[in-house]
Structures are given as C-alpha cells and as structure tokens.
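The numbering of the sequence shown is the numbering used here, which starts it at 23 and goes up by one.
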Amino acid sequence: MNGPSTDSDATPHLGNTPGADAAGDDAAGDAWEELVTVALLGTDRRTPPGHPTGAGAPTALLDAAAVQTVRRRAGLRPAPAAALPGRAADDTRPPLPAPARSRLAMLLTDRPGTAGGRRGTAPDLMELLPQWLAMANEQGHAAPPELLPALLDAARGRTDLRPQALTFAGPRALWLARLNPDWKFALRSTPGGGTALPALESAADVQRLWEEGLFAERVALLSAVRAHSPAAARELLATTWSTERAEDRLMFLDSLRMGLADADEPFLEQALADRSRNVRATAAELLSALPGSALAARMASRAASCVAVDRTQSAATITVEAPHECDAGMERDGVVAKPPTGRGERSWWLGQLVESTPLGHWTVRLGGRTPEEIVALPVADDWQGELHAAWCRAAVRQRDAVWSRALLGAPASPDAGGPGAVSLSERAKLLGALPGAERAEWVAGFIATHGLSEAFQLLGVCAQPWAGPLGRAVVDALNIARDAGSYPWSFSGVMGLAERCLDPAEAARLEGLTATPDEPEDAAPGAGGYWSEAFQRLVSTLRLRRAMRDELKGT
23 MNGPSTDSDA TPHLGNTPGA DAAGDDAAGD AWEELVTVAL LGTDRRTPPG
73 HPTGAGAPTA LLDAAAVQTV RRRAGLRPAP AAALPGRAAD DTRPPLPAPA
123 RSRLAMLLTD RPGTAGGRRG TAPDLMELLP QWLAMANEQG HAAPPELLPA
173 LLDAARGRTD LRPQALTFAG PRALWLARLN PDWKFALRST PGGGTALPAL
223 ESAADVQRLW EEGLFAERVA LLSAVRAHSP AAARELLATT WSTERAEDRL
273 MFLDSLRMGL ADADEPFLEQ ALADRSRNVR ATAAELLSAL PGSALAARMA
323 SRAASCVAVD RTQSAATITV EAPHECDAGM ERDGVVAKPP TGRGERSWWL
373 GQLVESTPLG HWTVRLGGRT PEEIVALPVA DDWQGELHAA WCRAAVRQRD
423 AVWSRALLGA PASPDAGGPG AVSLSERAKL LGALPGAERA EWVAGFIATH
473 GLSEAFQLLG VCAQPWAGPL GRAVVDALNI ARDAGSYPWS FSGVMGLAER
523 CLDPAEAARL EGLTATPDEP EDAAPGAGGY WSEAFQRLVS TLRLRRAMRD
573 ELKGT
C-alpha cells in the first residue's frame, strides 16, 4: 500500500451500507478532534470523554489517543499504487577521478564546529567546498550519483553554494528535487524549474509557452530568446506587456540588461510612462546606461544647468546650483522626488541628474578637461562630496574605466578615501570597472600604503586566485601585523580571504611564518602562538587546495 485514499480517516466498517460507512467516518473524526481539543486546552480544564478529572486524566488522554490511533490506522483502505517516477535524464559528462570523488565525500561530511575557541591549524573544509565545486565545473565532471543527496543537503543549508552545486549536480538534481520537498529549492533556482524550453526557431511553440507557461518558465524563455535574438525578445515582451502584473513587468524588463543596446530605446521610452513607479525607475536606469538615448540627453541638459566652471576666480572652480524643484518631466525620467530621511531635496535631485548623465558630457561641458583634471578641480560651497559621489555612481553604471581610474586616484594617496570616491565601498565598486590585473595591482599598492585594516572590501572584488603582487602585499602586511605583537583576530577576515584566494604556490614562501615568533615586551600575551596557528592553517589550506586541483585533473 502506498498511501491512504480519501477515506483515510475511516474506522473499520461493520457492513456495506453506505450510510453506516459515513456514520463511522464521522464518529471517528469527531472522536479524534475531541482528543486534540483536550490536548490543546489541557486536562485540568477538559478531560477525555468518559474519564473523570484528576491526576489520572493526562494518562487517560494518552491511552485514548493511542487507541484512537490504532483504530485510524486499522481503518485505512488499500489504495492503487502510485506511478513509479520516470527515469532521470542521463548525465553525459565524464565521471570524477576516484581521488576527487573521495575528496568530495570528505568535504560533504565535514561540519563546522559549534563550540567557540581557537580554530586550530586544520583547514575549514566547508569553506573549501565552493572552490572544489567551481574547479569541478571548470573540468566538466559529472557528480557521483551516491553523493547527490549530501550535495543537495549542503546546498539547501547554504544559498551561496547553490549555483555551483546545481551546475555540478546536473539533471539528476532536478529529478531528485521533484521527489523530495526538502530539495525544492533546486527547482526554484533553475530557470523554468528544469522545464525544457521549445526550439527558439519555432515561433508558434515559443509564443504558446510565453502565453500559457508558468512565470518561471516565461522568465527562462525570455532570457533564452534575448540571448538568441534581442529584437525577438522585445517583440515577445510587447505582445503581453499591457496585461502583465507590475511585479512581472519589472522582472521581464530587467532581462533587457543583457545585451542592452540602442535598439531597446523605443521600448524603454514607452516604459517611462508605466503605471508602476519601480518599472519607470528601472526603465530610466537602463536608458541612462545608453549614452546616445534621448533620456541621457535630457538628463545631460538638466545637469549642465546645475554644474559649471567659474572662470572669474584665479583658479578654475566648479560651481553647483542644485535644482530648486522636481518637475513632472524629471519624475517621468526616473528622478525620485522624495529624498530618503536625512537627505536634502536639492542635493538628492542633483545626484540623480548627474549619475544619469553620460560621463563624456562633462569633458565638453567643463572646458575640454580630462576626467583626472575634472576630479582634481575644487568644488565651491561644499558640493564636492555630492558631486563626486554622483560621478562614482555614473562610472559604475556606465562601466567607464577611464572615469573609474580618475575617481579612484592613486592607491598610495595619503587619503584612503581617494580624490573622487568618498568611501571604501565606492572604491570597491569603481574597481569592478577595471581589468582584473589592474584591479589587483591597485589594491596591492593600497595595502602597501594603508595596510590591511581598510582593505577588506577592496580585496573582495579581486579575481581569484590573487595575482602574485597582490598576494605578496597581503602576506607582507600580515607579517607586519604579527611583528607588531597584537592578536590576529582583527585580521581574521583577511586571513579567511587569503585561505580562499592566495595562489597555492605561495605555500612554500609562507613556511617561515608558521614558527612561533619571539614576542616583544609590549606584545599581547600568547599572540605569537595564535599567529603561528593562523599561518599553519593558511599553509595547510593552500596545500589542500593544490591537492584538490591535482585530483580533479587526474594528475
């Protein structure tokens, strides 16, 4: 028997009379509900039917529940067997080498300790699992079927694992997810829930799925069509745009970020008049990323009336006259009229105009100056912070490497905030517009000048494994901190990044740091031992990462 039928709560029947069956079902259901009510209220307030109040009432309740449970189970009727699940799709990728399979089993069975205290010198295997999965996917290996349940359990508990874990798990993960509710996240995380999309060349099939499919299927379909033919994706979206829900229009509009081009402008201009404020704002953001769009020109014209160079002074100075109102045209173009708490209206409006203006406009507007020269100009009346912050947002949105370099400034500048970026968070975003090698070189120079205390956010945007100069800069800064005699705990975040991001080839060079150093007189008690453990853990982690890589390559 695979499960109860609709009569699953029935008690044994004493005859074939339908009325008698129904009466028995009702009586059994009423008796069970009565026991549930007694349990909820408590036996001091209510007792099972036929039992007196007193000390024996709780026992009587449990006895009555046991009897009723037996009656309910005995009354289950045989039901037709459920259909067997279909066969899982084949995974044609090559299998893992045996050592790599054993390593994965070890990584999946490791669980982080719950007790506090010292971490010791052993690597944190759960932190290495994401890297193992990334390397396995690069090699194109298939997941061992026997390890899929443990892999899905690990991904269930850690959302950061899911993209790599589901890629590695392959089609069998979706097959398992349909059988176990605990793994339903795999269906949600897979575009279309693992549903096969129609051939994109079949216009009729595409249109049918677009009109009749579930939301996840439609999102997956739109993304696939967009990658295949941007124009076809816009045309598909236009067929149902006016009837879509606001939250769906927002998600569909977001798909235009991929391959955004001037041809998308007419559709986005229409979306500026959408009923939903969020849809209007997203359309405006996308249009502002198109330097040749009419919206970008309108924003540039507004910003030009607010920012200029004052040539009457001995040294050229940028002057700012922020908007005095947010008119209907500005709101239509995505300017949010009401500022957040603590922000002035005029500075809020100014920032939105400047960040939506093509950065190339400023070279013409400010006397043919380069971005470096513009950023170096003084700004009158304490408007520099607002203006530079808006330029930073524009450089990030427009992925402009030239302006990003200018706003970042030299990594060795005395002010860790930089000439244009007013915070390390902004600097981290600007670094994302630079090529990987240049990004690593800039952060290495910053660490050499300012140390590690302000570099954590910057390290997080550098490609892995770290380039040689960056890795050496981090290790040198950690060595300096160790020699200072303080505890390593304030650098635990950087040390954790080093375990994941340092090139494994650096292990040999770090050997000399694993010994317990002589502590200076003013050192924190026992600090040298803690540093020794931290470096031993770093070295052992790097060696384990190298072993993982070699195992996956079969070397």
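For glycine and all other residues, C-beta sits at the position ideal for the given N, C-alpha and C.
For Gln-486, count neighbouring C-beta atoms within 10 Å of its own C-beta (all shown protein chains included) and say buried if the count is 16 or more, exposed if not.
Result: exposed.
With a 10 Å radius around its C-beta and 16 neighbouring C-beta atoms as the bar for buried, classify Leu-236 as buried or exposed.
Flag for Leu-236 reads exposed.
For the structure I just gave you, are there three or more beta carbon pairs, one from the stretch 336-344 and one from the stretch 305-315, closer than 8 Å?
These segments do not touch.
Which residue comes first and which comes last in the alpha helix (DSSP H) that contains Val-358?
Premise fails: Val-358 is in no alpha helix (DSSP H) and is neither H nor E.
Could you round the C-beta distance between Ala-318 and Ser-327 to whole angstroms and report it? I think they count as a contact, below 8 Å.
Ala-318 to Ser-327, Cβ: 15 Å. No contact.
Short check: CB of Leu-481 to CB of Val-516, under 8 Å?
Yes, the Cβ-Cβ distance between Leu-481 and Val-516 is below 8 Å.
Go ahead and label Thr-379 buried or exposed: buried means 16 or more other beta carbons lie within 10 angstroms of its beta carbon, across all protein chains shown.
Flag for Thr-379 reads buried.
Assuming contact is defined by CB atoms lying nearer than 8 Å, are Thr-18 and Ala-79 in contact in what I supplied?
Residue 18 lies beyond the stretch modelled for the chain, which goes from 23 to 577, so this question has no answer here.
I need the DSSP call for Ala-529, collapsed to helix, strand or coil.
Helix at Ala-529.
Anyone know if the C-beta pair for Gly-173 and Leu-130 falls short of 8 Å?
Strictly speaking, residue 173 in this sequence is Leu, with Gly absent from that position. Their beta carbons are under 8 Å apart, which means Leu-173 touches Leu-130 by this criterion.
Flag this pair as yes or no: are the beta carbons of Arg-94 and Trp-54 separated by less than 8 Å?
In this structure, Trp-54 lies closer than 8 Å to Arg-94 by Cβ.
Can we say the stretch 503-510 touches the stretch 545-562, given the rule of at least three CB pairs closer than 8 Å?
In short, these stretches touch, since the Cβ pair count reaches three.
Are Trp-384 and Leu-430 close, meaning C-beta to C-beta below 8 Å?
Not a contact, by the Cβ cut-off of 8 Å.
Indicate the three-state DSSP secondary structure (helix, strand or coil) for Asp-332 in the structure shown.
Note: Asp-332 maps to strand in three-state DSSP.
Where Glu-160 and Ala-293 are concerned, what is the direct C-alpha to C-alpha distance, given to the nearest angstrom?
Spanning the two alpha carbons is a distance of roughly 40 Å.
Go to Thr-91, then tell me how far its alpha helix (DSSP H) extends in each direction, as first and last residue.
Start and end: 79-96.
Buried or exposed for Val-301, going by 16 or more other Cβ atoms inside 10 Å?
The residue is buried, with at least 16 neighbouring Cβ atoms inside 10 Å.
Going by DSSP, what residue range makes up the beta strand (DSSP E) through Val-247?
First-last for Val-247: 237-250, but that is the alpha helix (DSSP H), not the beta strand (DSSP E).
What would DSSP say about Pro-589, mapped onto helix, strand or coil?
In the structure as shown, the chain begins at 23 and stops at 577. Residue 589 is therefore absent and cannot be evaluated.
Can you tell me where the beta strand (DSSP E) with Val-342 in it begins and where it stops?
Element bounds for Val-342: 339-342.
List in chain order: all unbroken alpha helix (DSSP H) runs of 4+ residues lying wholly within the stretch 502-526.
Entirely contained in the stretch 502-526, the alpha helix (DSSP H) runs reaching 4 residues are, in chain order, 514-523.
Does the distance from the CB of Glu-367 to the CB of Ala-411 come in under 8 Å?
No.
In chain order, what residues of the same chain lie with their CB nearer than 6 Å to the CB of Val-401, ignoring the 5 residues before and after it?
Excluding positions up to five away in sequence, the list reads Ile-340, Leu-409.
Can you tell me whether DSSP reads Pro-70 as helix, strand or coil?
Three-state result, Pro-70: coil.
Candidates Thr-262, Ala-156, Leu-574, Leu-62: which alpha carbon is nearest Leu-231's?
With distances taken between Cα atoms, Leu-231 lies closest to Thr-262.
For Val-386, which of helix, strand or coil comes out of DSSP?
Val-386 falls in the helix class under three-state DSSP.
How many angstroms separate the CA atom of Leu-259 from the CA atom of Arg-200?
So the alpha carbons of these two residues sit roughly 30 Å apart.
Using only alpha-carbon positions, find the residue among Lys-206, Asp-403, Arg-522 that is nearest to Met-570.
Residue Arg-522 is the option with its Cα nearest to Met-570.
Measuring alpha carbon to alpha carbon, tell me which residue in Pro-145, Pro-121, Leu-446 is nearest Asp-132.
The option with the nearest alpha carbon to Asp-132 is Pro-145.
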